[in-house]
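Every number in my numbering is 711 more than the matching position in the sequence shown, counting from 1.
C-beta atoms are modelled at their ideal positions from N, C-alpha and C, and glycine is treated no differently.
Below is one structure, written out as structure tokens; the observations come after it.
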Amino acid sequence: MASSYFSSRSSCTRKYLVTLLLVFSINIQKITNCNAFQTFGFEMHHRYSDQVKSIMGGDNLPEKGSLQYYTAMVHRDKVFRGRVLAESNQDNSKLLTFSEGTQSFYLPPLG
């Protein structure tokens, strides 16, 4: 009688372990397919970029590279940063200078 008790108990334990192993392997499969273990990243876009235009609907936004585009960018920088070029004679303004090694472009229509 004792041997039948132990054999039924080991059978129960074996079924329990197989079930536990099956559940564990399914969960491992779900974890490896989860996107949480991948690198998180994001891209920065300015409001006149093509990605933002596609979301916002760029009906009234200036065309990239046009005079209106650069005018809007300069205006935005002046409004938010209050910066001007270093050759300005205004005493109370924050001066903006270019660092060695940076590229800058002179656009005559913008001054």
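- The alpha-carbon of Phe791 is positioned some 15 Å away from that of Tyr781.
- Shown here, Ser760 sits in coil according to DSSP, grouped into three states, outside any helix or strand.
- Taken atom to atom, the span from the alpha-carbon of Pro819 to that of Arg787 is near 19 Å.
- Look at Phe753 here: in three-state DSSP terms it is coil, with no helix or strand label.
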